[in-house]
Amino acid sequence: MSDSRKNRIFNSLNYSFIILDEIALEGLDGITWEALLRRLEQRRPFFIGKDKDFSLSEKFIWSIVQKLISRVDIISYRLEEPRKPLVIFDRYQFVDPDLGIIIEPDDTPIEIYPFKLIDGDEKGSCSDYFTRKKIDNNLIEDIPLNEAIKKHGGYAMVYSGTNCSNTFFGEVSQGILSLQFMNENPKTLFYHRKSLISFGLITKQIHHQKSHGQNFQGTLFHLPRFYTERKSKALILVHNMVSFLKTKPKGMVSCEEMREHLKLGHNIKKVYKSQEFQKFMKVRKKTIRVVQLLDINVDPESIWQDKKDDEEDEDEGSLFTNQKSVLFDRSLMHQAYKLLEKVGPEGIYQCELGRLLGLGKLEARTVCRNLERRNLVKSLMKDFGRQRVTYYIALRYSHLSKASNQLKIEKEKMASFRQSSKLSSNEVSSSPPASSSSQCQNITDSKDVLKVEINEGSMYVDTEVVDSPQGKRYNGVEEAEGIKTRMDKKSLLRILNKLAKEKQIRNIRVVLKNKVKKRVLHFVCGPDIDETNTVIQSAIEQAKMKFNITPKVNDELSFRSNDLDAVQNSSMADCKMIYNPRIGKTYGLQPKFIRMREFHVFLYYLTYGYDGKLVTDKDKVYDQWKENNIYSVDDSMKKELEDFSLYSREIGWNMFIPKLPNHQGWDFGWCLMCDVLLRLPLSYFVKLVNITYLIPGIEDYLSHPVKQHYLIQFLPQDIRKKLLFHRKYIFSCYEITTRLAYIGVVQFGPHKLKEKDQFFLFVNKNASLLDTTNSSPGYHKINPSKEYTFKSFNFNSLDDVEQYWYRMWEICIYTPLGVSSNSLGQEITLENMDKKEELVCCLNPKSCEEAQENDTGYLPGDQQGAAGLDSSMFSHLKRNWSWTSNCDVDSSKKNLSNKAGKKGSIKVTLMNNTKSTSRNLKRKRKSDQITRSSSTNVSKKFYKAALRLMRKLRVDWTKTEDSLLLLCKVAGSYLCQNTRYQMVQYTLVRDLLHKRFPESLNKTSRACQRRLNYMMKNPTTADNVSLFLSDVKQDPSIKKTISPT
């Protein structure tokens, strides 16, 4: 056995060495008594006997510490403030069960050793170095443990001068608890680590980690004696896949066979998306999906090599250079220049030049600098892999170099752009401050572009406000110019900072913080725009609302046994969401076209019809509500309303809605989507958004006459978090907005990347419909051979908007579509409206001038649907206007084929732009087991009496009887507005008819039902019933006396 192995075995059993080692590992910071015991509990193979209260074990450890103090191996200090308890964080308890990637939890322990560099006689890091006070060793080495704890307690600490790092778990280069806490430049840390690795003081290996939903590849460092090999499950799977594919012909196998080989199931899709997989393999779609090696000769063991963080330079490691081509009777400068002339216009980079001349890195750099100093060469930066390398070109070939010419062109463009920017800014300063076309052009929708040379390409920076600049925005512009290189985020930020120093743009950073997380907003805007700009303020307000949204529960996060208690206090565990897919209708969700109508009315009110005024005398308004018996405001309610601004003296959905901000450069009729979302009251929110989770306490607000109109930001935090869960409200409102664009009542303005709430919207003042009630029956398209009346609408008030939607409902409901019997033997094509070209073009962004010109009332789409809308919207379906039907599109298609049955068949074809989602759901209705013996006997009695009075098969009806039936229809529709669950029975109608008109005793309840259905087929009669019903709904005496169900 070697001496070193004997020493390691001896030290592992030497308690004095282990305790001194744990103290030394904390460096200059030292360790408290509590932290020392915690470290020793985790030490392997150190063992602390677990007696009743650890008193014997602690006394034994204290005796060893006293001996070390007496030998002056350690020194005791008293801290100015007690140090927080040590929490040992084991990152390997939080892993993805499928890929084995470490997932960084949201609640990580606090770092009790903040980094503070000490560079004097003693070197290291210690935040308490200049405030702690030394304790005389004689005061500690002879006193017992209880007295030492009582006297010094958590303020005492011990330390050794040795500086070391973490032990068994190691330190990583990525994440919250990592080497990033040093706040040091990554390049500096790289060279420090490189030196430590070269001397064998630390070891490294690949480390994969997932933080905030994003995967990172970093490095894990250990002390050599604490080294533990860590291989992620993802790398092991990739290694197995590569080895398996090498045994197959052409390195190819089907995905199904690969899934069976790995026994992963559908979770193999996560492996396909990983960087490790895409580095060696790819998935191809042929007749079947296959997995294929990129290189059939690849070595499976190369997977374990970390090529990303290569520590060795190309020059280093070789002590001798190849000097065969060097001429000793010529100077190196002369030979280098002749070599550059030989290479020509493309040039050569420094390392290659040194290799050809047999020079090392430093010598080659000296030669290149001297050539550049003497103006014999020209240097340019080029992309070489993921790095930027300096290329040197002989001066005589500089005008022929492609990169040099590109740089010259970009500089000329930059100069012209700067000149045009100055001219445009002078025009803006000389123009009046009113909303003019020059301001709109030069501040928020400018076509003038700032351009900066980067690598061999260029980037664009619009002079509008850009929230959270991303490389995708500029890469798209560069790709359009034919530039293949891509710009990374650091380069983008560096260029933005350079532009800000030159006062070409302005960078505005806003930091949002709470107890759990922090978010930084970065706005890039023109030099004339400051933080008071309305667009920036609107984006900040919307970000505040998003910032408090409950984060998506990470289903991939897995915990080991008994570790769930450690995260119960986290933000994820605080939000317990109970899923209920039908609760949205209970809260007030409306059908598709009703949602469109409500949102259109809301948009029109904000842009054109806003009449709110800030109420300063709230007490008078409260007294007025009480006098009119509307609502009595108590003291608690008054205190709650003190913090809210009131904009209406009457109770209604618009009472808390402030006016939209006037964004500079945007004319009347435009609005920013995030401003609209911030002004949604709760009563409107539940109509537009399908809430699929139970929200305790929301019923109290929805049933309250005033609180139901609170804005979302007024609600308590627990309710607000659940309402904004997953930001579903943004996507719901965006979908409704696209539907409004499909019918031609709104137009989209400029978009900002893919944000669904960061775009301008123009509300049209003109719209049109087609009166298709005279169309012949069909399935979902009107008869194109007929002529239809064109109806135009001009929206001058909210009443005009409501009249437009009422007329649309009337036409859609009475258009004879949805009739399957007329389509037997025909081929029907169903299209997805979100992929239909005629409708998708409606979502293209428009400028201020284009939106005004396009506001002509044009009907988009094929105009083959009810009311002239697009046929793919199915506006004729009753379920799109009310919840009375339990059928969906798929069930209608199923009923269509069932009704064809024996008579014929109907072929249904889905276009390529459709996405078929068949839901063969069958609902089972529970039969009501209610005893109806008495009611059945009474009904039979009246039925037989009516039959005895009948003189023929059909009874005759008078005008007075018809009028009473229609009145009953109006009353029933008012009392039971949801006919799916409630309705007035026709036996009650029969009884009223018998009581009012004795000559009607021969009418049965079935006869009353038949007669009423027959009369409602007449469009004029149906219109009259609808008008009467509207009058009843608006009658205050009826509303006060009878409330509908």
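If you read the sequence shown in full-length UniProt numbering, its first letter stands for residue 1, the second for the next number, and so on. Just so it is clear, CB atoms sit at the ideal spot from N, CA and C, and this is done for glycine as well.
Helix, strand or coil for residue i per DSSP?
i       : result
Met487  : coil
Glu827  : strand
Pro705  : coil
Thr1004 : coil
Tyr647  : coil
Cys848  : helix
Asp119  : strand
Leu967  : helix
Gly972  : helix
Gln929  : In this predicted model, Gln929 has a pLDDT of only 37, less than 50, meaning its place in the structure is not dependable enough to derive any value.
Phe656  : coil
Phe190  : helix
Arg330  : coil
Ile276  : According to the sequence shown, residue 276 is Glu rather than Ile. Note: Glu276 maps to helix in three-state DSSP.
Ser732  : helix
Asn215  : strand
Met983  : coil
Lys503  : coil
Arg38   : helix
Trp809  : helix
Ile583  : helix
Tyr858  : coil
Met572  : Residue confidence for Met572 is low, a pLDDT of 38 falling below 50, so the modelled location carries little weight; the figure read from the coordinates is stated next. DSSP places Met572 in helix when its eight states are reduced to three.
Are there any heavy atoms of the ligand MG lying less than 8 Å away from the beta-carbon of residue i, as far as the coordinates show?
i     : result
Leu40 : As for the ligand MG, it is missing from this structure, which has no ligand bound.
Which partner residues does residue i have in the DSSP bridge list?
i      : result
Phe748 : Leu761
Asn497 : Looking at the DSSP assignment, Asn497 forms no beta bridge with any residue, so it has no partner.
Asn766 : Asn794
Thr789 : Asp771
Ser70  : DSSP output for Ser70 lists no bridge partner at all.
Lys382 : Val389
Pro681 : Leu711
Ala24  : None; Ala24 has no bridge partner.
Gly124 : Ile118
Leu220 : Val172 and Gln205
His522 : Arg509
By Cβ distance, which residues of its chain are closer than 6 Å to residue i, with the 5 residues on each side in sequence left out?
i      : result
Gly224 : It should be pointed out that residue 224 corresponds to Pro in this sequence rather than to Gly. Contacts found: Thr203.
Met281 : Val291 and Leu293
His222 : Gly170 and Thr203
Tyr587 : Val686 and Ile691
Using a Cβ-Cβ distance under 9 Å, would residue i count as near chain C?
i      : result
Asp667 : Absent from the structure is chain C; it holds one protein chain and no more.
For residue i versus residue j, is the C-beta distance shorter than 9 Å?
i      : j      : result
Gln350 : Arg374 : no
Phe115 : Gly170 : no
Phe714 : His780 : no
Glu831 : Ser872 : yes
Gly972 : Tyr858 : no
Gly354 : Ala394 : no
Going by beta carbon distance, what residues of the same chain come within less than 8 Å of residue i, once the five residues before and after it are set aside?
i       : result
Arg996  : Leu964
Ser1026 : Glu810
Met596  : Ile736, Arg739, Leu740 and Ile743
Just confirm the distance between the C-beta atoms of residue i and residue j, as a whole number of angstroms; I'd bet it's less than 8 Å.
i            : j      : result
Leu769       : Gly868 : 5 Å
His704       : Phe656 : With 8 Å as the limit, His704 and Phe656 do not qualify as a contact, their Cβ atoms being about 13 Å apart.
residue 1119 : Trp883 : Nothing can be reported for residue 1119: it is not among the residues displayed for the chain, which extend from 1 to 1045.
Arg83        : Thr32  : 5 Å
Pro816       : Pro777 : 4 Å
Phe748       : Leu740 : 10 Å between Cβ atoms; not a contact.
Ser254       : Ile288 : 5 Å
Suppose the cutoff is 7 Å on Cβ atoms and the five residues either side in sequence are ignored; what does the same chain contact list for residue i look like?
i            : result
Arg284       : Val290 and Gln292
Gly218       : Val172, Ser173, Gln174, His207 and Gln209
residue 1047 : The structure shown has nothing for residue 1047, since the chain only spans 1 to 1045.
Cys126       : Leu28, Asp29, Lys116 and Ile118
Lys659       : Tyr610 and Gly612
Thr738       : Leu843
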